[in-house]
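Everything on this sheet refers to the single structure shown next.
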Amino acid sequence: MNDRTLGHMPRRPSPSLFRSAITALGILALATSSGCSPKAPLMRVNGAQIEGASITMGLPPSIGAIMRVYVLGENQNSFDIQIRGVRGEVQMLNGRYRLPVSMALGTWLPSDRTTPFNFSINIPVTVGIAILRESVAMACVPYTLQGVADVTATSTFRLDKDNYPISQNGCIPRQALLSAIPGG
Numbered sequence: 011m012n013d014r015t016l017g018h019m020p021r022r023p024s025p026s027l028f029r030s031a032i033t034a035l036g037i038l039a040l041a042t043s044s045g046c047s048p049k050a051p052l053m054r055v056n057g058a059q060i061e062g063a064s065i066t067m068g069l070p071p072s073i074g075a076i077m078r079v080y081v082l083g084e085n086q087n088s089f090d091i092q093i094r095g096v097r098g099e100v101q102m103l104n105g106r107y108r109l110p111v112s113m114a115l116g117t118w119l120p121s122d123r124t125t126p127f128n129f130s131i132n133i134p135v136t137v138g139i140a141i142l143r144e145s146v147a148m149a150c151v152p153y154t155l156q157g158v159a160d161v162t163a164t165s166t167f168r169l170d171k172d173n174y175p176i177s178q179n180g181c182i183p184r185q186a187l188l189s190a191i192p193g194g
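Here it is in structure tokens:
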């Protein structure tokens, strides 16, 4: 039997539960509406440097140099966003040498802030030597980072957006590459 047949009024949800449900639905509606979609994070390369030699054990083992790319991620939203990963390539010496970038990051950018983060790229020894040969008369080796970042907006609702573009130019000291590449 239901409550009415017994002469009772139906039970109403508590006001605090009702307010919580309305608030959650309002936040969800705001977060998913097209007018309030997350702003794309602004990402600027803040520099790059050669950190040293790398040896990757495999068949055959590979030797190279580690190039660390430093990025400033600016989050203009009123909520935190996460950079899940970066994909693309670093082009060195005006695009003659292309190094793939594919890094899972999981870096959170707090709301209304600029946050530094970094990732590394392996420069195989054969590519490093070729770059050193072509850059003999240069003090630094020009590079361009072109790619995309995948972003999650808010940890609560996990609104995923992919392929935010990154494109920056820079220069790494040739001497640092020379020191890191065996036989360079």
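The letter at position 90 of the sequence shown is residue 100 when you use the numbering used here, and the numbering goes up by one with no holes.
Using N, Cα and C, we set each Cβ at its ideal position, and we do this for glycine too.
For clarity, every value in this text was computed on a predicted model and none was experimentally measured.
So residue i is in the beta strand (DSSP E); what residue range does that whole segment cover?
i: V135; result: V135 -> not in any beta strand (DSSP E); alpha helix (DSSP H) instead, spanning V135 to E144.
i: P2; result: This structure cannot settle anything about residue 2, because the visible part of the chain is limited to 11 through 194.
Alpha carbon to alpha carbon, how far is residue i from residue j?
i: R97; j: R108; result: 13 Å
i: M67; j: P110; result: 19 Å
i: S43; j: N85; result: Bear in mind that a pLDDT of 42 at S43, under 50, signals an unreliable position, so the model cannot answer this.
i: I91; j: I65; result: 34 Å
i: L103; j: F129; result: 20 Å
i: Y153; j: K171; result: 27 Å
i: Q185; j: I139; result: 12 Å
i: G105; j: R123; result: 33 Å
i: M113; j: F127; result: 12 Å
i: A63; j: Y80; result: 18 Å
i: R156; j: V100; result: Checking the sequence, you will find Gln at residue 156 rather than Arg. Cα to Cα, the separation comes out at about 6 Å.
i: A190; j: N179; result: 22 Å
i: N173; j: L142; result: 32 Å
i: P175; j: S145; result: 29 Å
i: T162; j: A50; result: 11 Å
i: L69; j: D160; result: 32 Å
i: L187; j: I93; result: 28 Å
i: A58; j: L82; result: 12 Å
i: C181; j: N56; result: 11 Å
Run through DSSP, which three-state label would residue i get?
i: A186; result: helix
i: K49; result: coil
i: I191; result: coil
i: Q178; result: strand
Legend entry - Segments assigned beta strand (DSSP E), at least 3 residues, entirely inside the segment 56–122: Counting only runs of 3 or more, we get 72–85, 91–102 and 107–119.
Legend entry - At least three beta-carbon pairs within less than 8 Å, the segment 68–79 to the segment 123–142: yes
Inset, instruction - Could you tell me whether the segment 115–128 touches the segment 139–150, where touching means 3 or more Cβ pairs closer than 8 Å? - result: no
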